[in-house]
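The numbering of the sequence shown is numbering that gives the first Met the number 0, which starts it at 0 and goes up by one.
The beta carbon of each residue, even a glycine, is placed where N, CA and C say it ideally should be.
If you're wondering where the values come from, they're calculated on a predicted model, not measured in any experiment.
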Amino acid sequence: MSDMQIGDASPQETNCIIDDSMQKDQILYQNMLDLLQRVWVRFTSKEPSEWKAPLSMNANKQREGTNLRALYVAESIMSHGQRTYSALSDLEYRRDRVPEENKRKAI
Numbered sequence: 000m001s002d003m004q005i006g007d008a009s010p011q012e013t014n015c016i017i018d019d020s021m022q023k024d025q026i027l028y029q030n031m032l033d034l035l036q037r038v039w040v041r042f043t044s045k046e047p048s049e050w051k052a053p054l055s056m057n058a059n060k061q062r063e064g065t066n067l068r069a070l071y072v073a074e075s076i077m078s079h080g081q082r083t084y085s086a087l088s089d090l091e092y093r094r095d096r097v098p099e100e101n102k103r104k105a106i
């Protein structure tokens, strides 16, 4: 099993990072990659915005013999997806601080 995250999303460049902590051959999850590509093409063709960049996929492999799957994934998420307050607008910063329960009430 592989863990996935979409990272570095911007209209100019979008990366799907696959954290392959089980050292699987890509052929074993190629169907999933093909599905993601089809979904991305459909999304960018129907979404009337600037999201036209192709989706690139990178598979990060965990070292063999290491059994730190959750730690590996958490570290990868932090290193690839960390955003700082300075990169966020004030409204985005406040939105991200709303408790999950309150977000559901608002919807």
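Item: For Gln-29 and Pro-53, what's the separation of their Cα atoms in angstroms?; Value: 17 Å
Item: Check whether the Cβ atoms of Leu-32 and Met-56 lie closer than 7 Å to each other.; Value: yes
Item: Counting along the chain, where does the alpha helix (DSSP H) carrying Asp-24 start and finish?; Value: Per DSSP, Asp-24 belongs to no alpha helix (DSSP H) and is neither H nor E.
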